[in-house]
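The sequence shown begins at 271 in the UniProt record's numbering and counts up one residue at a time. Ideal Cβ positions, reconstructed from N, Cα and C, are used throughout, including at glycine. Just so you know, these numbers come straight off a predicted model, no measurement behind them. Let me begin by presenting the structure, written as structure tokens, before commenting on it.
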Amino acid sequence: AFAVELRRSGRTVTVPADTTVLAAVRTALPDTAYSCEQGFCGTCRQRVLEGEVDHRDELLTDAERDDSVLICVSRARGEHLVLDM
Ligand code: FES
Numbered sequence: 271a272f273a274v275e276l277r278r279s280g281r282t283v284t285v286p287a288d289t290t291v292l293a294a295v296r297t298a299l300p301d302t303a304y305s306c307e308q309g310f311c312g313t314c315r316q317r318v319l320e321g322e323v324d325h326r327d328e329l330l331t332d333a334e335r336d337d338s339v340l341i342c343v344s345r346a347r348g349e350h351l352v353l354d355m
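Here is the structure:
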């Protein structure tokens, strides 16, 4: 498991191994946008403020990966990720 801090909302959610970041985030922010849930549409893209992302999508360029994450498929490399949401 790892923690995802939603800095603008002042919330932190835990993401267990069998749960996506998207699903965990939606427990705190139910209106979070998403569509394909498979890492190809880009709807769930969020800005990363801190932490290392384990990118598992097929869409983002290397430049986009510097500050963005598709939360339906990608995960944290470490124990803590901070998102701008
Ligand atoms: Fe489509 Fe995440 S919901 S890329």
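Residue i beta carbon near the ligand FES (any heavy atom closer than 6 Å)
i, result
"residue 307", "yes"
"residue 313", "yes"
"residue 330", "no"
"residue 353", "no"
"residue 299", "no"
"residue 276", "no"
"residue 319", "no"
Nearest-angstrom beta carbon gap, residue j and residue i [assumed within contact, 8 Å]
i, j, result
"residue 303", "residue 314", "6 Å"
"residue 318", "residue 338", "6 Å"
"residue 260", "residue 322", "Look at the range of the chain in this structure, 271 to 355, and you will see that residue 260 is not part of it."
Three or more C-beta pairs closer than 8 Å, one from the segment 299-313 and one from the segment 324-334: is that the case here? yes
Margin query: I want to know whether the segment 278-296 touches the segment 330-347 - three or more CB-CB distances under 8 Å.
Written below: yes
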